[in-house]
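Contents: one structure, followed by commentary.
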Amino acid sequence: IRVSAPGSVMLLGEHAVLHGYRSVVCAIDRRMEVLLTPLRDRVLRIDSALGGYESALDELVDSDDFRFVIAAVASKQAALPSGLEVRIRAEFGSDRGFGSSAAVTVCVHAALACWLEGGMPDPMRLYQMALETVQRVQGCGSGADVAASVWGGCVGYTMEPRCEPVKWALPLTAVYCGYKRRTPEVIRWVEERFADEPERLANLYEQMDGCAERGFEAIEARDEVALGAAMVSQQRLMEALGLCTPELAEIISKLEVDAGVVGAKISGSGLGDCVVGVGHLTQVDVGYETYALAGDVTGCVQVVEAADPVGA
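With this note's numbering applied, the sequence shown corresponds to residues 10 to 321, in that order.
Put into structure tokens, the structure is as follows:
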């Protein structure tokens with residue numbers, strides 16, 4: 010059973026989305042693929058670029074590298090007729106801010122449903138199963154990246170949940186600053202920093218909500234310039250939250266002067282990770298790891314192997 014789902018980048022509304030405000034997330038043309046093979050023995054075997062893992066299925070051993078896969082399998086433990094091997098292949102590294110945790114969780118849940126129920130689950134059910142797993146592992150998480158991996162496209166998202174996918178192969182540039190911090194850690198950092206200023210924090214989130222609203226309207230109109238303007242506005246708010254580092258600031262300033270890119274901002278929780286901009290660079294070298302991306306309009310799908318032609 011082979012299943013594929015896109016990675017994603019946050020365009021607007023990170024942090025604010027956790028408090029019920031709007032966000033915009035875009036599925037990208039870097040995909041995660043999971044191959045599930047039933048095994049005779051009651052074991053879970055995982056094979057990926059991060060290494061290997063094997064454990065008795067009924068007494069799953071924790072592993073930091075594979076915690077999302079293990080949690081997804083554990084949620085269906087009682088229903089599993091036998092052991093299984095999960096092979097993971099990704100077109101991006103798990104240390105880049107491209108929603109790898111969400112994408113692999115979505116893929117594993119979809120593959121398990123194909124195995125146990127004979128077909129792909131309804132998208133909303135797949136989203137709910139994957140989000141439950143991500144939140145159980147991380148203790149938090151808006152689910153925006155989960156929604157992008159399930160539906161594909163540019164998704165207007167709130168945690169209600171409200172998911173509005175727009176099928177647009179939006180050109181994007183992502184630049185990795187060389188390090189990242191885990192999302193729950195950054196969320197705690199922001200909460201502690203503004204512990205004595207809850208009204209100021211709420212005001213920043215309300216302004217982010219406005220940026221996300223304008224940005225999503227721009228996406229519906231396929232207006233790259235208006236989307237870029239909303240992203241620039243939100244970057245100022247990310248700076249007000251204290252989430253910009255010298256490396257991120259340097260990348261943003263380089264993207265801002267490039268004629269091919271509009272609207273450079275931090276993507277994701279901040280204090281590291283990626284900067285994203287609309288469009289593609291005209292100058293090739295910004296001195297950091299750079300990815301030319303496009304929005305992926307295809308969400309999570311089962312990959313059906315083509316049959317051999319008759320007589321081949």
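The C-beta atom is built at its ideal place from N, Cα and C for all residues, glycine as well. Please read all numbers here as calculations on a predicted model, not as lab measurements.
For the set Leu53, Met19 and Phe225, the Cα lying nearest the Cα of Gly108 is the one of Met19. Spatial neighbours of Pro174 in its own chain (CB-CB distance under 6 Å, excluding positions within 5 residues in sequence) are listed in chain order as Trp160, Gly162 and Val164.
Here Gly152 has Leu140 as same chain residues with Cβ atoms under 6 Å from its own Cβ, once five neighbours each way along the sequence are excluded.
A direct Cα-Cα distance of roughly 32 Å separates Asp38 from Leu48. Only exposed fits Pro207, as fewer than 16 other CB atoms lie within 10 angstroms of its CB.
Here Ser72 carries a coil assignment [DSSP, helix/strand/coil]. The beta-carbon distance between Gly269 and Leu181, rounded to whole angstroms, is 11 Å. This is too long to meet the 8 Å contact definition. Counting only runs of 3+ residues, the beta strand (DSSP E) found wholly inside the segment 226-299 occupies 270-276 and 283-288, in chain order. Taking the C-beta atoms as reference points, Lys274 is found nearer than 8 Å to Val284. Contiguous beta strand (DSSP E) elements confined to the segment 134-216 occur at 163-167, 171-175 and 180-185, taking only those with 3 or more residues. Lys85 and Ala58 have their C-alpha atoms some 25 Å from each other. In the three-state reduction of the DSSP assignment, Ala58 falls in the coil class, being assigned neither a helical nor a strand state. Inclusion of Met168 and Gly29 in the CB contact set at 8 Å is warranted, their separation being smaller than that value. Here the alpha carbons of Gln144 and Glu314 stand approximately 33 Å from one another.
Per DSSP, reduced to three states, the secondary structure at Asp218 is helical. In the three-state reduction of the DSSP assignment, Ser32 falls in the strand class, which pools E and B. Phe77 places its beta carbon 8 Å or farther from that of Val26.
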